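Step one of this worksheet: look at the structure below.
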Amino acid sequence: MRTEDIMDALAGNNRLLDRFAALRKVLAPPQDVSIFYGYSTAEGAPAPQPRQLAVDGRAADWWADYREDRERYRSDPVREALRRDFSPIDWRDLAPGGRFDTGHSALWSHLSDHGVKAAVSVPLHEADKGGHGTLSFIGFGAEREFNDWIQGLKSRLVGVAYLFHQGVQYETPSLSPRESECLGLTAAGLSAKEIGRRLSLSPRTVELHIARAIQRLGARNRVDAVARALTSGAIAAPR
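Below, the structure written as structure tokens:
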């Protein structure tokens, strides 16, 4: 596969999910390989808050589990390597014995629990914005198949990652005024009943607005929705 082929496939696809789908199609990874893209300008967050996120396949379940464990996030050597390095990072190089199922710690065993056999991440950095992120390839099938495929891309991994990232058009999630109000007051710690009294709405209507906001933001729950809305600027931080 030529770099020109990848450029042609991504051309005109600036919306994140469209670009992500085009990338998967042109790279044609094995069926059991997931692609993960995350990028954030937030520094020092206690939990992962990517401003831009796309993930497919079985990696979606792994990510949902990973982001809920703040201690794991704080001590994750892959995350630290992504912040520090520029070359592709093979997760197995950081794991004891090069395996995730050695039982040395929950940090690695959670990968085995989700069926992760191998993974390679390309660090992404923007010095002018202070942001960082990754384009990662996560294998859930046979390691040999993953190794053969990733080796074919090895010399172009960094170029592919930046080519993908730099063409992504970031879109602030569009919430209705009521959805923004309800989610903003949720961020301030108010219950649905308290929000209803503040806005002269029934608690049921408040819950409906929050549910719609969760859906628009692609969040898992209201806590996740608040985090995404704050990170993207869809709502202001409570005072």
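Taken in order, the sequence shown gives residues 160 to 398; the numbers are from the numbering used here. Think of the CB as a built atom: it goes at the ideal place given N, C-alpha and C, for glycine as much as any other residue. Quick caveat, the model's predicted, so the values are computed rather than measured.
- In the DSSP assignment, Q211 falls within the unbroken beta strand (DSSP E) covering 211-214.
- The beta carbon of A213 sits closer than 7 Å to those of L175, L176, F179, Y196, all from its chain and outside the five residues before and after it, given in chain order.
- Cβ-Cβ distances below 7 Å link G257 to R251 in the same chain, with the five nearest sequence neighbours on each side left out; the list follows chain order.
- DSSP places L294 in the uninterrupted beta strand (DSSP E) bounded by 290-298.
- DSSP lists R174 as the bridge partner or partners of Q328.
- The alpha carbon of D191 has as its nearest neighbour, out of A168, P209, D215, L182, the alpha carbon of D215.
- For V237, the uninterrupted alpha helix (DSSP H) run begins and ends at 236-243, by DSSP.
- Exposed is the label assigned to E302, since fewer than 16 other Cβ atoms lie within 10 Å of its Cβ.
- Between the alpha carbons of A351 and E230 lies a distance of about 30 Å.
- Assignment of P282 by DSSP, reduced to helix, strand and coil, places it in the strand class.
- Counting only the Cα atoms, P236 lies some 24 Å from L312.
- Linking M166 to I369 through their CA atoms gives a straight-line distance of about 39 Å.
- Counting along the chain, the unbroken alpha helix (DSSP H) around S271 starts and ends at 265-272.
- Annotated as proximal: F323 and L182, with beta-carbon spacing under 7 Å.
- Taking a cut-off of 8 Å for Cβ pairs, the region 278-287 and the region 239-251 touch, as three or more such pairs fall below it.
- The three-state secondary structure of I248, taken from DSSP, is strand.
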